[in-house]
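Undergrad:
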Amino acid sequence: MASHVDPRFGATLRQLREQTGLSLRALAQLTHRGKSHLHELEIGSKAPTADTAQHLDQVLNAGGALARLVTAPIDHEVEADDLLQRVAASDVSNHTLTRIEQGVDDLASLYPTTAPADLLPMVRQHLAHVGRLLAGRVTLAQQRRLVVAGGWLAVLRATVHIDLQQPGAASAHLTAASGLADHADHAEILGWCLETRAWEVLTIGDYRGALRLAQQAQEVAPVGSSAHIQATAQEARAWARMGDVRKTRRTLDRVERLTSNLPVPERAEHHYRYDPSKAQAYMATTLAWAGDPGAERVARQVLAHLDPRGDGGERPRRSASARLDLGLALASSGRPDEASAFAAEAVASGRVVPSNWWRAREVLRRVEQAGAPEAADLRDVLEQFRPTPGR
31 MASHVDPRFG ATLRQLREQT GLSLRALAQL THRGKSHLHE LEIGSKAPTA DTAQHLDQVL
91 NAGGALARLV TAPIDHEVEA DDLLQRVAAS DVSNHTLTRI EQGVDDLASL YPTTAPADLL
151 PMVRQHLAHV GRLLAGRVTL AQQRRLVVAG GWLAVLRATV HIDLQQPGAA SAHLTAASGL
211 ADHADHAEIL GWCLETRAWE VLTIGDYRGA LRLAQQAQEV APVGSSAHIQ ATAQEARAWA
271 RMGDVRKTRR TLDRVERLTS NLPVPERAEH HYRYDPSKAQ AYMATTLAWA GDPGAERVAR
331 QVLAHLDPRG DGGERPRRSA SARLDLGLAL ASSGRPDEAS AFAAEAVASG RVVPSNWWRA
391 REVLRRVEQA GAPEAADLRD VLEQFRPTPG R
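Numbering (our numbering), first residue to last: 31 to 421.
(1) Using only the alpha-carbon positions, how far apart do V134 and W182 sit?
(2) Curious, which full-length alpha helix (DSSP H) runs of at least 4 residues does the segment 56 to 95 contain?
(3) Quick one: Cα of D305 to Cα of G401, how far?
(4) Keeping to the same chain, check which residues put their C-beta closer than 6 Å to that of G180; ignore five residues upstream and five downstream.
(5) Below 8 Å between beta carbons: does that hold for T315 and R267?
(6) Once DSSP output is grouped into helix, strand and coil, what is the label at V122?
(7) Alpha carbon to alpha carbon, how far is T128 from S75? Give it in angstroms, no decimals.
(8) Suppose you measure from the CA of L243 to the CA of R303; what does that come to, to the nearest Å?
(9) Tell me whether V168 sits in a helix, a strand or coil according to DSSP, three-state version.
(10) Taking C-beta to C-beta, are T281 and E265 nearer than 8 Å?
(11) Does DSSP put V253 in a helix, in a strand, or in coil?
(12) Using DSSP with H/G/I as helix, E/B as strand and the rest coil, what is V411?
(13) Could you check where the alpha helix (DSSP H) with Q331 kicks off and where it finishes?
(14) Go through its chain and collect everything with a Cβ distance to H216's Cβ below 7 Å, but skip five positions before and after it.
(15) Let me check one thing: in DSSP terms, what residues is V100 bridge-paired to?
(16) Fully enclosed by the segment 381 to 407, which alpha helix (DSSP H) runs are 4 residues long or longer?
(17) Under 6 Å Cβ to Cβ from A199, same chain only, skipping five residues before and after it: list those, please.
(18) Could you tell me whether the Cβ atoms of R63 and L90 are closer together than 8 Å?
(19) Between which two residues does the alpha helix (DSSP H) containing P197 stretch?
(20) Helix or strand or just coil, what does DSSP make of E296?
(21) Helix, strand or coil for E265, going by three-state DSSP, please let me know.
(22) Would L220 and V253 qualify as a contact pair, given that the criterion is a beta-carbon distance under 8 Å?
(23) List the endpoints of the continuous alpha helix (DSSP H) containing A350.
(24) Buried or exposed for Q414, going by 16 or more other Cβ atoms inside 10 Å?
(25) Counting only the same chain and skipping the five closest in sequence on each side, list residues whose C-beta sits under 8 Å from that of R345.
(26) Express the C-alpha separation of W388 and A359 in angstroms, rounding to a whole number.
(27) Output needed for L150: all residues of its chain with C-beta closer than 6 Å, excluding positions within five of it in sequence on either side, in chain order.
(28) With DSSP run on the structure shown, which of helix, strand or coil describes P146?
(29) Using DSSP with H/G/I as helix, E/B as strand and the rest coil, what is R47?
(30) Please go through the same chain and pick out, in chain order, the residues whose beta-carbon is closer than 7 Å to the beta-carbon of T50, but skip the five residues on each side of it.
(31) Between the alpha carbons of P323 and S362, how many angstroms are there, rounded?
(32) Straight-line CA distance for P338 to R175?
(33) Report the rounded CA-to-CA distance for E72 versus S208, giving the unit in angstroms.
(34) Report the rounded CA-to-CA distance for E225 versus A261, giving the unit in angstroms.
(35) Go to I219, then tell me how far its alpha helix (DSSP H) extends in each direction, as first and last residue.
(36) Quick check on this structure: which residue in G342, G343, Q310, D341 has the alpha carbon closest to the alpha carbon of R423?
Next comes the structure, spelled out in structure tokens:
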């Protein structure tokens, strides 16, 4: 096993020798070492053993100065074993990790039915717990599980901030989620980060930016994954907002092909697991935005499925969105009175989040443009239930 020698050993040896007035030959005689060997030690072409350094210290009365520049031999087997022990050492149990991962799924499943302001503190608390565990002692495998959980929570938190119209916080947590996804080499989380950014910029009217981000998300996310499907649907929405009906229809056809044989996930309400039934709802929204005549029929089918009793159904937020889609489709087909009624029901349900409020305003604008007397009542409803940005 080789000793580790400080590069200053040779210069120190020469300095000590010259201070004592010894030549290399004289030092060789005193230490019973060859002159050439000592010369090689001084110029650094040869490394001393720990015994040689100690002997030179004694002869030169150096007080251990040379020995301190030569460490003990390196035991590579011990080093390797120590590394393995560190990898295996952990203060986190697998039970804890499993609970964290279940918590991530629970929060993602609460997203469709929980008000953003109520969901945010739960996500924040869970994310802080993951951060504390990452700061402790974990194995490499456990670290990756924590990083992946943190990535999902960060992108979910960003989505909630978008719903609350808090762009600065949303951007910060999307950046964090992307960094965690990069660290864990998790392509689907990266895809969701891009898809979420696409939705955010679409809501503020940057349709080309939304298109670009949606297409990037499709390139990054695994083909056929939930992120890939959702990003494709988001691309269709961008085309619709730009008024390109042909490309909208073509992109919706791609979504249909991707979801035609897709099984219903175990937790269909999970925000990051694509439920095939969502395809119809996205189609209704997209066709309504594109001004396609087929939007009304699809929106009515979606609303009948989501809310058969008219009480909001099991997914009241999606039911509210379906009413806005139907309202927009009806306004576009010259029936502003019906459009106003459906939009008012959506708004009064209290399930239209701040990031979707522009959709309600769009129906109002169409009803006003038609000169319908119902516009005044709809405006009153919007004013009454108008959310406070950032809350």
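In this text, a Cβ means the ideal position worked out from N, Cα and C, and glycines have one as well.
TA: Let me spell this out:
(1) When the Cα atoms are used, V134 and W182 turn out to be separated by approximately 7 Å.
(2) Correct list: 65 to 73, 80 to 90.
(3) Those two C-alpha atoms are separated by around 39 Å.
(4) Closer than 6 Å at the Cβ level, and outside the excluded window around G180, lie V160, L210.
(5) Yes. Within cutoff.
(6) Here DSSP, grouped into helix, strand and coil, assigns V122 to coil.
(7) Between S75 and T128, the C-alpha separation is close to 56 Å.
(8) When rounded, the distance between both Cα atoms is 20 Å.
(9) Looking at V168 - three-state DSSP - the assignment turns out to be coil, as it is neither helix nor strand.
(10) In contact: T281 and E265 (Cβ atoms closer than 8 Å).
(11) Coil at V253, not helix or strand.
(12) Looking at V411 - three-state DSSP - the assignment turns out to be helix.
(13) Per DSSP, Q331 belongs to the alpha helix (DSSP H) from 325 to 336.
(14) In chain order, V178, G181 place their CB closer than 7 Å to the CB of H216, counting only its own chain and leaving out the 5 sequence neighbours on each side.
(15) Its beta-bridge partners are V35.
(16) Counting whole runs of 4 or more residues, the segment 381 to 407 contains the alpha helix (DSSP H) stretches 387 to 399.
(17) Close CB contacts of A199 within its chain, under the 6 Å cut and outside five residues either way in sequence, are with H191 (chain order).
(18) Taking 8 Å as the cut-off, the Cβ atoms of R63 and L90 do not count as close.
(19) Where P197 is concerned, the enclosing alpha helix (DSSP H) starts and stops at 197 to 214.
(20) Of the three classes helix, strand and coil, the one that applies to E296 here is coil, per DSSP.
(21) Secondary structure at E265: helix, using DSSP grouped into helix, strand and coil.
(22) Contact: no.
(23) Here the alpha helix (DSSP H) through A350 covers 346 to 362.
(24) The residue in question, Q414, is exposed, as its Cβ has fewer than 16 Cβ neighbours within 10 Å.
(25) Once the five neighbours on either side are set aside, the close Cβ partners of R345 are P142, T143, E299, L336.
(26) Inter-residue distance for A359 and W388 is about 15 Å (C-alpha atoms, whole angstroms).
(27) The residues are V190.
(28) DSSP places P146 in helix when its eight states are reduced to three.
(29) Three-state result, R47: helix.
(30) Taking C-beta separations shorter than 7 Å and ignoring five residues to either side along the sequence, the partners of T50 in its chain run L90, following chain order.
(31) Whole-angstrom Cα-Cα distance: 8 Å.
(32) If I take the Cα positions, the gap works out to 41 Å.
(33) Using only the alpha carbons, I get a separation of about 53 Å.
(34) Taking the Cα positions, E225 is about 5 Å away from A261.
(35) Residues 217 to 233.
(36) Since the displayed the chain opens at 31 and closes at 421, residue 423 lies outside it and no answer follows.
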